[in-house]
Amino acid sequence: MKSMRSAFTLAMLASGSLLPVAALAQTAQAEAPADEAAAEQGSGLNDIVVTARRREERLQDVPIAVTAFTDEALEQKGVTDRTSLADNTPSLFTISGGYPREFAYFALRGQGPAFGSTPGVVNYFAEVPNSVNIDGRVGTYFDMANIQVLAGPQGTLFGKNATGGNILFEPVKPKDEFEGYVRVQLGNYDDRRIEGALNTPIVPGRVMLRIAGEVGRRDGYTKDVGPFFEGKDYDNLAYESFRFGLTLQPTDNIELYTMLRYYHSENNGGGTVLGAYNPAAGFDATALGLGFLPVAAFYPGVLTAVAEQQARGPRRVSYDLDQFSETKYWQVINQASVQLSDNIKLRNIISYSELRTIYGYDYDAMPFPIAGQRGRIPTVAPNFFTEELQLQGTLFDDAVDFSVGGYLDRQSWSDPAGIEVYTFFPIGTLIPTISGFFTQTNKSEAVFGQATVDLGKLSGALTGLSVTGGLRYTWEHSFTAQTIGGPPTVSGSVDSDYPSYTATLDYDVTSGVHVYVTARDAYKSGGVNGPVPVDSEFRTYKPERLSDIEVGLKSQFSIGNVDVRANVAAYRGIYDNIQRTTAEVVETPGGTIPLNVTRSAAKGKIQGVELNLAVMPVQGLTLNGSYSYIDARYTEVADASAGAILDGAPFPYTPKHKISVGGSYETSLGSAGDLVLAVNYARQTKVSTAQTNSSFYNFLPAYGLLNGSIGLKDVGGRPIDLTLFANNITNEAKPVGVLDQYAQSSGMVGLTYTEPRMYGVRIGYRFGG
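To convert a position in the sequence shown, counted from 1, into this note's numbering, add 494.
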């Protein structure tokens, strides 16, 4: 209760301290001459345009918590992958471990991957929801217009339902002018990357083309010391990514935008580091008359493996499995827009994509065949089709802004897919390795609508006050099948349907101060436990539900010559039907047996505060920062079996504190060009990824990363940019991901570490425009 009050007290104190300052600044401007007021009203800080409500508007006018990054901000903060994006975003966290690091998942405000078909955080690329793990990887940040992180439940304006939030990746669209750029990056670990874009009108004003791409190669920073793969490097990069965009405008009222993109990555996988080992690990074969089989009896070297790893340090490993990782992905998107009248627009967004990932991974991170997977069939092989129809517009002299629509998606599967060769003690030691084949198909339909009423346009007494309401209804069907070690195939399906809502009240206190309160809910789909009989209560599990209330203040103002943008939000979420895996006694045709089943195990509460701040004290100098605080806990367990795994367990994916501070300075050096300096420091406190109290490695440690750059723009008056950069300047080496199998027969804990210090030079050339 104390921490609950603390979270909201902190939010209100922040809001209370900012509100009078902003209001006084606005009052002072009102008394100043018109030209002076215009100059002082935060004019030095450029407006940030976002599409968080499916239309272009100022960030300061949007009544939800949004963190937005321009292409320039991504470069200055050193954002190149999911972890670095999360480092600079309040309440955002990446989950990795047990698979190549590029497969990391996002969690936002404690909402992460789901056991069912819908993740807690949904990525959108060019307005298309993307359930596969592509966007945010290294090699996907080129030629971006912006990236927007929308925190909290989403769904009444977007195709897919999300409990944690949405991350919008918006590429640059074709323009009606000839322009482009080329940028080369060279750095340590033999880092070589080139990216660029070419934009050209084919028929001016009617047909426009944009082609962009990036190719990258870099040596790995984790080396194998042998004896099996001495000299092999892990955590290397080798990728190609391309986009082709075409915009057709046959009339002034019709626009057709088509984009095709392709991504390919092939590397040696991640350098998982052995962090701990259970000397008592093994397999209980008493039922087979063999008693307990300790791993150490077959591989005595496991007892000294941790000490040997610690002596080597986190950049040197020893594996017995020939690791690799390959991803192929392509997607085609079409956005069609028809202006039916001056204030009504019809939009259709359709897409199709295919993903194939193949990898071999040494789970145990030791030179012993204890746990791992390999093979040349895809591990996952989904095909996605999405369709979204929207009707947008305004009514009653722009007093009402509305959007209604329908959405459907279909996920099919390309068989065979799964694990071709699987090892997990005693499998691979006492008995031959086995194969596991998996199929997962899903389909979803939804209708949604949202409207904002500007009450000030209906009554002068209500000027500045707006109310928003939104509803959504979703129908989902999920099917899974698995064949492990041979027939029979175990399969099952589940159907879910549920409503979602949004209700918001927001008020413009002054032209630069905006306050709001919003209430929302959203669901994360349920699923099926395939091995459990159809008539069992544990056959299926319910959707998770998150209901939250968020209050926020957005302000942009000036105090003297100092421009300030300060946005703060506080939220409290009630989390129902939390999905966890428990051990249950299940009646089966073969008798009563214990099974691990996913089920609705608990309720919880997640609350916190988020702050984004930008200050321009003098012309050319911009200071920025962000902060988040999260208090999350289980409040109720379903029964004794749920309590057995959750009693004392930390709540996952919720670093209590995150902070990012930095700044940039730009000044003219005359004919030499413009000097640009940038520095950024991001830090988060310890965080857990443990789903239960059985984990050995409960918390990833706190860590902080310092990045910086110095550059010269328009060198010698030419469109050439030169930048020297360094990321992780202090060479911090801390775990950021974990695979915890300490309590299982393999007995190991594998850790994924931060990247080491990276430095280099970028040279860019711009043309046209």
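Beta carbons are placed, not taken as given, at the ideal position from N, Cα and C, and that holds for glycine.
Since the structure is predicted, the reported quantities are computational estimates derived from the model, not experimental observations.
With respect to the alpha helix (DSSP H) encompassing residue i, which residues constitute its N-terminal and C-terminal limits?
i, result
"Glu621", "Neither: Glu621 is in no alpha helix (DSSP H) and is coded neither H nor E."
"Asp581", "576-581"
"Phe792", "789-792"
"Gly1137", "1134-1140"
"Ala598", "From DSSP, Ala598 is part of no alpha helix (DSSP H); its letter is neither H nor E."
"Glu1264", "Outside the displayed range of the chain (495 to 1263) lies residue 1264, so it cannot be described from this structure."
"Gln1050", "No alpha helix (DSSP H) contains Gln1050, which is instead part of the beta strand (DSSP E) from 1038-1053."
Is it true that the CB of residue j sits closer than 9 Å to the CB of residue i?
i, j, result
"Leu651", "Gln944", "yes"
"Lys951", "Phe896", "no"
"Pro607", "Asp903", "no"
"Gln642", "Ala546", "yes"
"Ala1064", "Gln648", "no"
"Pro594", "Tyr853", "yes"
"Trp907", "Ala940", "no"
"Pro695", "Lys667", "no"
"Ser1158", "Ser1120", "no"
"Leu1199", "Gly572", "yes"
"Ala601", "Val615", "yes"
"Ala1108", "Arg1059", "yes"
"Ala859", "Val811", "yes"
"Asn837", "Asp892", "yes"
"Phe672", "Gly1262", "yes"
"Asn877", "Leu849", "yes"
"Leu750", "Ala830", "yes"
"Leu847", "Val626", "Here residue 847 turns out to be Ser, not Leu, going by the sequence shown. Their beta carbons are under 9 Å apart, which means Ser847 touches Val626 by this criterion."
"Thr1246", "Thr564", "no"
Assign residue i to one of three DSSP states: helix, strand, or coil.
i, result
"Thr741", "strand"
"Thr716", "strand"
"Val643", "strand"
"Val515", "A caution first: Val515 carries a pLDDT of 40, below 50, which makes its placement in the model unreliable, though a value can still be read off. Correct three-state label for Val515: helix."
"Thr650", "coil"
"Val1026", "coil"
"Leu956", "helix"
"Gly572", "coil"
"Glu566", "helix"
"Gln817", "coil"
"Gly1274", "Here the chain comprises residues numbered 495 to 1263, so residue 1274 is not present and cannot be evaluated."
"Leu553", "helix"
"Val1209", "helix"
"Leu1216", "strand"
"Pro539", "Here residue 539 turns out to be Leu, not Pro, going by the sequence shown. Reduced to three states, the DSSP call for Leu539 is coil."
"Leu1105", "strand"
"Ala531", "Reliability of the predicted coordinates at Ala531 is poor, the pLDDT of 37 falling under 50, and no value is obtained from them."
"Leu782", "helix"
"Lys822", "strand"
"Thr634", "coil"
"Ser1261", "Correcting the residue type first, residue 1261 is Phe in the shown sequence and not Ser. Note: Phe1261 maps to strand in three-state DSSP."
Starting from residue i, follow the beta strand (DSSP E) in both directions and report where the run begins and ends.
i, result
"Phe777", "776-779"
"Ala460", "Since the first residue of the chain shown is 495 and the last is 1263, residue 460 is not available in this structure."
"Lys839", "838-854"
"Asn761", "748-761"
"Tyr857", "Here Tyr857 belongs to no beta strand (DSSP E), and DSSP marks it neither H nor E."
"Ile589", "586-589"
"Gln1238", "First-last for Gln1238: undefined, no H or E at that position."
Against chain C, does residue i count as a neighbour if the rule is that its beta carbon must be under 9 Å from one of theirs?
i, result
"Leu1199", "In the structure shown, chain C cannot be found, because there is only a single protein chain."
Practice prompt. Examine the Cβ distances between the stretch 695-704 and the stretch 727-734 and report whether three or more of them are shorter than 8 Å.
Written response: no
Item to complete: Examine the Cβ distances between the stretch 966-975 and the stretch 948-955 and report whether three or more of them are shorter than 8 Å.
Response: no
Worksheet item: If we count Cβ pairs, one from each stretch, closer than 8 Å, do we get three or more for the stretch 895-914 versus the stretch 926-934?
Response: yes
Worksheet entry | Cβ contact (3+ pairs, closer than 8 Å) linking the stretch 1233-1246 and the stretch 757-773 | Because the criterion of three Cβ pairs below 8 Å is met, the stretch 1233-1246 and the stretch 757-773 touch.
Practice prompt. Spell out a yes or no on whether the stretch 1204-1216 and the stretch 633-647 are touching, meaning 3 or more CB-CB pairs, one atom from each, closer than 8 Å.
Written response: no
Practice prompt. Inspect the CB distances between the stretch 754-764 and the stretch 787-803 and report whether three or more fall short of 8 Å.
Written response: no
Worksheet entry | 3-residue-minimum beta strand (DSSP E) runs that sit fully inside the stretch 990-1023, ordered along the chain | DSSP assignment within the stretch 990-1023 yields the following whole beta strand (DSSP E) runs of 3 residues or more, N-terminal first: 1007-1018.
Fill in: Sequence ranges, alpha helix (DSSP H) only - wholly within the stretch 1120-1182, length at least 4
1134-1140
Practice prompt. Counting only runs of 3+ residues fully inside the stretch 652-703, write out the beta strand (DSSP E) ranges in chain order.
Written response: 659-665, 673-681, 685-697
Worksheet item: Counting pairs of Cβ atoms below 8 Å between the stretch 740-748 and the stretch 804-824, do you hit three or more?
Response: no
Worksheet item: Do the stretch 1053-1069 and the stretch 1098-1111 meet, that is, are 3 or more Cβ pairs less than 8 Å apart?
Response: Judged by pairs of C-beta atoms under 8 Å, the stretch 1053-1069 touches the stretch 1098-1111, as three or more such pairs exist.
Discussion item. Does the stretch 1088-1096 come into contact with the stretch 1018-1035, if we say contact requires no fewer than three beta-carbon pairs (one atom in each stretch) closer than 8 Å?
Written reply: yes
Item to complete: Pick out the complete beta strand (DSSP E) segments inside the stretch 879-910, 3 residues or longer, and give them in chain order.
Response: 894-907
Worksheet item: Taking only runs of the beta strand (DSSP E) that begin and end inside the stretch 903-950, which ones reach a length of at least 3 residues, in chain order?
Response: Listed in chain order, the complete beta strand (DSSP E) runs (minimum 3 residues) inside the stretch 903-950 are 912-918, 928-948.
Worksheet entry | the stretch 1130-1150 contacting the stretch 1072-1081, beta-carbon criterion three pairs below 8 Å | yes
Discussion item. For the stretch 542-558 against the stretch 576-595, do three or more pairs of beta-carbon atoms, one drawn from each stretch, fall closer than 8 Å, so that the two count as touching?
Written reply: Judged by Cβ distances under 8 Å, the stretch 542-558 makes no contact with the stretch 576-595, as fewer than three pairs qualify.
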